[in-house]
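Q: Let me give you the structure first, and then I'll get to my questions.
Protein chains: 2
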Amino acid sequence: MTKMGVRPSRIVDPRKKKVLLDKRFASLCKKAKDLTILCDIEIGMFFFTPGDQNIFAWPSLTQATDRMKNYLASSDKQRQIKMVRHEDFLQSILNAKEGKINQLEQMVDKKEMEYNFNQLVEARRRFDELEVREIRALINLFAVKRTQLDERAKQLNENEIDSNDYNNREENDGHL
Amino acid sequence: MTKMGVRPSRIVDPRKKKVLLDKRFASLCKKAKDLTILCDIEIGMFFFTPGDQNIFAWPSLTQATDRMKNYLASSDKQRQIKMVRHEDFLQSILNAKEGKINQLEQMVDKKEMEYNFNQLVEARRRFDELEVREIRALINLFAVKRTQLDERAKQLNENEIDSNDYNNREENDGHL
DNA sequence: TCCGCTATTGTTAGCTG
DNA sequence: CCAGCTAACAATAGCGG
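So the protein lines, in turn, are chains A and B.
One rule links them: number in our numbering = place in the first sequence (from 1) + 20.
One rule links them: number in our numbering = place in the second sequence (from 1) + 20.
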């Protein structure tokens, strides 16, 4: 642990860094797990290292995402309450004689940044949607192929029983 | 701290729970911060308590979201590699004579669950989009109102200079 | 509810095999 | 690279103001 009152500083040696990361990462996850159990709280963690491929989600991608989803759903409720105050705020700006348009435009910019992120998420959604369709198409394709094969097998059986000599002649002639 | 080898168990007393949560929460955040600095890693954490209103994101909503976004972007790269193998897998199923349709349908179910979540996210997106439009509308409304006020002020000034007695009569009559 | 304290227990950096 | 060790250090549960 870092000394009392001393802020930790960036580790330069990559080997030390790896060891440190492993140990402290395990410790962090343990503490998170403790807290989850002790206080009946949902925790989701995402780890991302810019250069490295050190990517991790705790306790798992799906669970971390679920917990983030729950967080967002809860924070949306709080947001709706804030929205009412927000509207009052905008109304007061409208009523005031001094315009604070810059402020509003900054908010628009902020919202647009959020919008951009959500577009990124939606791109992901479309990708997944496509995947679903592809799998469905493959299932259908398989079903069709199987039906064709079944029918073909049936035909072959019938031919074998009904006209064995005819088939033999065909084979001997060497043409259809 | 929990004893060595002993898993922590759920706290029942709400007061103790609150104290414990506060302390350990602070500790967890400190450890996360340490790790962030020491190993140059991005960490985003989401906390959600089902019943309570104990909602938190670390280091902040925007930063946690950004870091999750980075995580997703990185994991998407890895996903694309997996996708190729995934397609091979599907192809081998198609080529095989025994259908493993159940397997595929389970995957479809899983994908549909993901799709549902993404719809939730998109609902959020639409909400934000609406918000942007509303703010734009308010800005325009303000501009119009201001123009109207300016013109009205101009008119009043002109009237004051041109026909003072007329204005006075209007005021005394108590109507426009 | 929120500090501050402290004995006890847990964590960790550096090192060894 | 990993697992085990340990002195030194940090976290914390319980208690009191």
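Just so you know, even glycine gets a beta-carbon here, dropped at the ideal spot from N, CA and C.
Just so it is clear, the structure is predicted and the values come from calculations on it, not from any experiment.
(1) Give me the chain B residues within the contact set of A77/A, using Cβ-Cβ distance strictly less than 9 Å, ordered along the chain.
(2) If you check the beta carbons only, do I61/A and T69/B fall under 8 Å apart?
(3) Tell me the DSSP bridge mates of M65/A?
(4) Comparing the C-beta of P34/B with each C-beta of chain A, is any distance below 8 Å?
(5) Put S95/A into one of helix, strand or coil per three-state DSSP.
(6) I want to verify the contact list: residues of chain B whose CB lies under 7 Å from the CB of A52/A, in sequence order.
(7) What span of residues does the alpha helix (DSSP H) with I31/B cover, start to end?
(8) Contact between the region 48 to 66 of chain B and the region 40 to 53 of chain A is defined here as three or more beta-carbon pairs at a separation below 8 Å; is this criterion met?
(9) Considering only their Cβ atoms, is the gap separating A77/B from F66/B smaller than 8 Å?
(10) Are the Cβ atoms of L55/A and L48/B separated by less than 8 Å?
(11) Could you give the DSSP three-state label for D54/A: helix, strand or coil?
(12) What do you get for R35/B, buried or exposed, if any count of 16 or more other CB atoms within 10 angstroms of its CB means buried?
(13) When the cut-off is 8 Å and only beta carbons count, does S29/B lie next to chain A?
(14) Does the beta-carbon distance from I63/A to Y91/B come in below 8 Å?
(15) List, in order along the chain, the chain B residues whose C-beta lies closer than 9 Å to that of K19/A?
(16) Give the secondary structure of Q73/A by DSSP, where H, G and I count as helix, E and B as strand, and everything else as coil.
(17) Taking all protein chains shown into account, decide if K37/B is buried (16 or more other Cβ within 10 angstroms of its Cβ) or exposed.
(18) Would you report the Cα separation of Q73/A and T82/B, rounded to the nearest angstrom?
(19) Taking just the CA atoms, how far does M88/B sit from K97/A?
(20) With DSSP as the reference, label D60/B as helix, strand or coil.
(21) Going by C-alpha distance, which of R30/B, A93/B, G71/B and K50/B is nearest P79/B?
A: Per the coordinate set shown:
(1) Correct list: M88, Y91 and S95.
(2) Closer than 8 Å, so yes.
(3) DSSP lists W78/A and M65/B as the bridge partner or partners of M65/A.
(4) So no, P34/B is outside the interface.
(5) Note: S95/A maps to helix in three-state DSSP.
(6) Chain order gives the chain B residues near A52/A as L48, where near means a beta carbon separation below 7 Å.
(7) Run containing I31/B: none; DSSP gives neither H nor E here.
(8) Below 8 Å, enough C-beta pairs join the region 48 to 66 of chain B and the region 40 to 53 of chain A to call them touching: three or more.
(9) For the pair F66/B and A77/B, the CB atoms are nearer than the 8 Å cut-off.
(10) Between L55/A and L48/B, the CB-CB gap stays under 8 Å.
(11) Here D54/A sits in helix by DSSP.
(12) With fewer than 16 other Cβ atoms within 10 Å, it is exposed.
(13) It does: the Cβ of S29/B has a partner Cβ on chain A nearer than 8 Å.
(14) In terms of Cβ geometry, I63/A and Y91/B do not form a close pair [threshold 8 Å].
(15) The structure shown does not extend to residue 19/A, since chain A is modelled only from 21 to 196, so the question has no answer here.
(16) Per DSSP, reduced to three states, the secondary structure at Q73/A is coil, with no helix or strand assignment.
(17) When all chains shown are included, K37/B counts as buried.
(18) Computed Cα separation, rounded: 23 Å.
(19) A direct Cα-to-Cα measurement between K97/A and M88/B gives close to 21 Å.
(20) It is coil, neither helix nor strand.
(21) The shortest C-alpha to C-alpha distance from P79/B to any of R30/B, A93/B, G71/B and K50/B is the one to K50/B.
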